[in-house]
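When we follow the working numbering, the leftmost residue of the sequence shown carries the number 381, and every step to the right adds one.
All C-beta atoms in this analysis are idealised placements derived from N, C-alpha and C, irrespective of residue type, glycine included.
Small disclaimer: the values here were computed from a predicted structure and weren't measured.
This report refers to the structure that appears directly beneath it.
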Amino acid sequence: MRLRRAIIASVLLTMTSMLSASPQVRSGEQPPSRIISAIPAVTEMLFAIGAGPQVVAVGSFDTYPPEVAGLARVGALIDPDLERMLALRPDLVMVYETQVDLRRQLERAKIPVFLYRHAALADVTVVLRALGARVGRPAAAEAVAADIERSLEAIRTRVAGRRRPRALVVFGREKGALRGIYASGGVGFIHDMVEAAGGTNIFADVRRESVQATSELILARGPDVILELNAAPVSDAERAAERAVWQVLSAVPAVRNGRVHMIDDERTVIPGPRVAQGAELIARALHPDGFKQ
381 MRLRRAIIAS
391 VLLTMTSMLS
401 ASPQVRSGEQ
411 PPSRIISAIP
421 AVTEMLFAIG
431 AGPQVVAVGS
441 FDTYPPEVAG
451 LARVGALIDP
461 DLERMLALRP
471 DLVMVYETQV
481 DLRRQLERAK
491 IPVFLYRHAA
501 LADVTVVLRA
511 LGARVGRPAA
521 AEAVAADIER
531 SLEAIRTRVA
541 GRRRPRALVV
551 FGREKGALRG
561 IYASGGVGFI
571 HDMVEAAGGT
581 NIFADVRRES
591 VQATSELILA
601 RGPDVILELN
611 AAPVSDAERA
621 AERAVWQVLS
631 AVPAVRNGRV
641 HMIDDERTVI
651 PGPRVAQGAE
661 LIARALHPDG
671 FKQ
């Protein structure tokens, strides 16, 4: 679990501004039939737009949808397995922009790549549409993207006019301690999800995707709500123990008022086709009264 969280933190720390879209499938060309994606968000997108049958391998940390369980594994962001990739004879590989060496090696092997570099919440649908065009699924990609945009707008409408609580959004820290805390800065899809969900990021003024937040800095900012986002589920006992760690900052309004929430759901940390569902989970934590049936 720690390794998975480290990978997610690494991804969030290295994501940059926006897409360098690979060329679209030209008229008369066949779309790729042997795709490799070691990028969880892109893997989800491929399956969401119906390109799952074209995927032959995924990354070490790809868990959704369930169909990926039976696919070959080719490493991840920091440990891509080039030899394994080449053995699978791909005709398209999804590559993080930061994977410069991998990209060069694939290009030397004459294997096309789709470069992925994602930042803002709005870019999720931009990537979806570009991906759909690249793999021959433009109509399906448009439908999925439009549904995400409608769902996000519905969330914004639902929380409109409500007081916006000031939120600390943590996506990484040392287990059992308030050390090594990484929180969302004022740039990136997590920050945008909090804003869409009716909150105000306490680090909105920090124009970076992540902030290494000390206890002193958190005390100074005084969040109304603390949200801890985790990809992997945790037990009730672990959740209670980790929430209790925050009691040393009892002067912080969020701690004093019992508004420390652990949301262990990968939809909140993967900028893929389920991102609107992740935003709703955040909105429910920020505005519980607004989502009562």
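- Membership of residue 582 in any beta strand (DSSP E) is not indicated, and neither H nor E is assigned to it by DSSP.
- Exposure of residue 615 is indicated by the presence of fewer than 16 other C-beta atoms within 10 angstroms of its C-beta.
- For residue 595, the enclosing alpha helix (DSSP H) starts and ends at 595-601.
- Scanning 518, 485, 498 for the CA closest to the CA of residue 426 turns up 518.
- The beta-bridge partner set that DSSP reports for residue 592 consists of 562.
- Here the C-alpha atom of residue 563 lies approximately 23 Å from the C-alpha atom of residue 536.
- As the crow flies, the alpha-carbon of residue 656 is around 13 Å from that of residue 421.
- Bounds of any alpha helix (DSSP H) do not take in residue 494; it lies within the beta strand (DSSP E) bounded by 493-496.
- In terms of Cα proximity to residue 557, the closest of 668, 463, 623 is 623.
- Between residue 419 and residue 470, the CB-CB gap reaches or exceeds 7 Å.
- Counted as a single uninterrupted DSSP element, the beta strand (DSSP E) harbouring residue 547 occupies residues 546-552.
- The Cβ atoms of residue 436 and residue 448 do not sit closer than 7 Å to each other.
- Sequence-distant partners of residue 595 (beyond 5 residues in either direction) whose C-beta falls short of 7 Å from its own C-beta, in its chain, are 558, 629.
- Each residue's CA atom was taken as its position, placing residue 572 and residue 613 some 23 Å apart.
- When only Cα atoms are considered, residue 667 and residue 545 end up about 9 Å apart.
- Following the DSSP letters along the chain, one finds residue 531 inside the alpha helix (DSSP H) bounded by residues 518-539.
- If you look at residue 644, you'll find it in the beta strand (DSSP E) that goes 640-644.
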